[in-house]
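Written out below as structure tokens is the structure these notes cover.
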Amino acid sequence: MGIFSRKSTPEPARDEEMVELGREYAIARRHRDTKAMNRIMRQVGNDKDVKDLSDFRAGQESYDSIPPIPRGRNRRR
Numbered sequence: 001m002g003i004f005s006r007k008s009t010p011e012p013a014r015d016e017e018m019v020e021l022g023r024e025y026a027i028a029r030r031h032r033d034t035k036a037m038n039r040i041m042r043q044v045g046n047d048k049d050v051k052d053l054s055d056f057r058a059g060q061e062s063y064d065s066i067p068p069i070p071r072g073r074n075r076r077r
């Protein structure tokens with residue numbers, strides 16, 4: 001830490017694998033892919049640690065914060 005460092009406390013270590021699984025789950029939920037959602041929940045269900053679940057939710061929120069692309073109307077009809 002230097003003299004001009006603005007961080008007062010270090011950030012807690014994140015489990016990047018759980019964050020990525022959270023992102024994949026959010027993507028599958030947005031695309032209504034229940035098969036992928038169930039597969040991911042089975043993987044997460046094997047590890048029940050509070051820290052891991054918070055990382056999983058952080059991954060979901062990081063993807064959910066991106067707004068969906070509005071689909072145009074079908075003009076060919």
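Under my numbering, the letters of the sequence shown match residues 1 to 77, in that order. Beta carbons are placed, not taken as given, at the ideal position from N, Cα and C, and that holds for glycine.
Contact under 8 Å by Cβ, residue i with residue j
| i | j | result |
| --- | --- | --- |
| I27 | Y63 | yes |
| G59 | M18 | yes |
Nearest residue (CA-CA) to residue i, options the options
| i | options | result |
| --- | --- | --- |
| R57 | S8, E24, N38 and R6 | E24 |
| G22 | P12, G45 and S8 | G45 |
| D15 | H31, D55 and N38 | D55 |
Rounded Cβ spacing between residue i and residue j (contact assumed at less than 8 Å)
| i | j | result |
| --- | --- | --- |
| P68 | R6 | 35 Å between Cβ atoms; not a contact. |
Contacting residues, own chain, Cβ-Cβ under 8 Å from residue i (five flanking each side not counted)
| i | result |
| --- | --- |
| E20 | G59 |
Close Cβ partners of residue i (< 7 Å) along its chain, the five nearest in sequence each way excluded
| i | result |
| --- | --- |
| Q43 | L21 |
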